[in-house]
Amino acid sequence: MKKRILFVMMSLYNGGAEKSLVNLLNELPSDKYNIDLLLFKREGLYLQQVPININLIDNQITINKMYHGHNIIRVFGSLISYLLYKRGSAACGFRWKHFYSRHIARLSVAYDVALAYISGEVMYYVDEKINAKKKIVWVHNDYRESGLSVKYDYSHFKNMDAIVTISEKCADILKEVFPEFSNKIYNIPNITSSTVIRKRAEEFFPEEYQSLNCPCILSIGRLHPQKGFDMAITAAAQLKRQGVRFKWYVIGNGTLEKSLRKQIKKENVEDCFILLGVRENPYPYIKNCDFVVQSSRYEGKSVVLDEAKILCKPIVATAYPTVKDQVEDGKEGLVVEMSPNGIAQGVKQMIENEVLRKNIEQYLSHHEYGNQNEVQKYMDLIDNV
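Going by UniProt numbering, the letters in the sequence shown line up with residues 1 to 385, in that order.
Given below as structure tokens:
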């Protein structure tokens, strides 16, 4: 008999966790599981990539009221929460506990396993509002650096049967923060299919690259403080003043778009640092750039970097705490100081040292970075936790 599984996620916008979930849903066998997917917001770039065998259930009216529109509970709850807490995770935790939880109904359907594919409010919902024999939560970032709220997360982590994260370093950090939960913390990497990525990378040649006569740099990520695009813009300005020629494209959208565009104008790099917005298929952009820059302040395990390595693209990445889980300095790319100056130096070295770029590309071409076979670990977790 098939197991009945529920995945819960905030939305399917263009983040790494969202992409990871869609990849996983495409790999799980439909003859083994009946899978429902509940989204707090039924929208996002990856919505059309959900496979047809997944039952996308209607989110409840009570969820809609809390996460859409301007009803009085949402407005008042959010206002009080953000006045009390400057940091987003603590504010969301307070808002859930004192406002949202009492107004969101339980889901009537019973499941064998319910999976909160991101922590915070999605986990709180799975804990309090879902009837399931087993419950699992994913933590997709460095818990400490991402400013998540121990105060509000603790009681919900306590009720989870498994806490899954995506790299060894992230697992170690969770065990340090929550030593009492060490025996139920698992490290399972995001699913990344090299076959799919290579195939999709051939679909077109980016129009923006058509007439380039200088090195092409690409960054991908939400326009959010985590991703460090403010540092990248300042690095671009330094390089321009030094006479270095390049075009640096950024794929992604987010809350910082307006302020980043202002910074681009202020730093006089409108001609060489370009925000492209979101792209449904970013792989041709990766395949046809010269190298990828990741300017993050923290990460869990970056899906973008796995995709860059699959497409044999050198990487310049800042030295955030978990970077060594993913980038072998000098072989797969350059790990640089987390500052505009560090990013500028790494980019300049990658532009000017063609031998370095070629050696990295050759190294990457001799390694397999896709891990679609790892889906068995997810199945073992679902079946045996």
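Idealized CB from N, CA, C, for every residue including glycine.
With DSSP run on the structure shown, which of helix, strand or coil describes Leu-311? coil
Beta-carbon contacts of Phe-229 that lie in its chain and below 8 Å, excluding the five residues immediately before and after: Once the five neighbours on either side are set aside, the close Cβ partners of Phe-229 are Ser-219, Gly-221, Leu-223, Val-250, Leu-256, Leu-260 and Ser-295.
State buried or exposed for Glu-207, treating a residue as buried only when at least 16 other CB atoms are found within 10 Å of its CB. exposed
Considering only the beta carbon of each residue, do Asn-281 and Phe-205 sit closer than 8 Å? no
Is it buried or exposed for Cys-214, if we count other Cβ within 10 angstroms and need 16 for buried? exposed
Considering only C-alpha positions, which residue in the set Cys-312, Val-109, Trp-138 and Tyr-285 is nearest to Gln-362? Cys-312
Mind listing, in chain order, the continuous beta strand (DSSP E) runs of no fewer than 3 residues lying wholly within the segment 73-154? 110-116 and 131-139
Taking the beta carbon of Leu-305 as the centre, do at least 16 other beta carbons fall within 10 Å, making it buried, or is it exposed? buried
Comparing alpha-carbon positions, which option in Ala-237, Gln-372, Cys-92 and Glu-145 lies nearest Ser-193? Out of Ala-237, Gln-372, Cys-92 and Glu-145, Gln-372 has the C-alpha closest to the C-alpha of Ser-193.
Burial state of Asp-325, where buried means 16 or more other Cβ atoms lie within 10 Å: Under this definition Asp-325 is a buried residue.
Please go through the same chain and pick out, in chain order, the residues whose beta-carbon is closer than 8 Å to the beta-carbon of Glu-168, but skip the five residues on each side of it. Asn-187 and Asp-325
Closest by CA to Lys-377, which one among Ile-166, Phe-291 and Lys-240? The candidate whose alpha carbon is nearest that of Lys-377 is Ile-166.
Rounding to the nearest angstrom, what Cα-Cα distance links His-103 and Lys-65 in this structure? 9 Å
Taking the beta strand (DSSP E) that Leu-276 belongs to, which residues open and close that run? 273-277
Hey, is Ile-52's beta-carbon within less than 8 Å of any beta-carbon in chain B? In the structure shown, chain B does not exist; there is a single protein chain.
Taking the Cβ atom as the reference point for each residue, do Tyr-124 and His-156 lie within a distance shorter than 8 Å? yes
Give me the Cα-Cα distance between Gly-93 and Ile-360, rounded to the nearest whole angstrom. 44 Å
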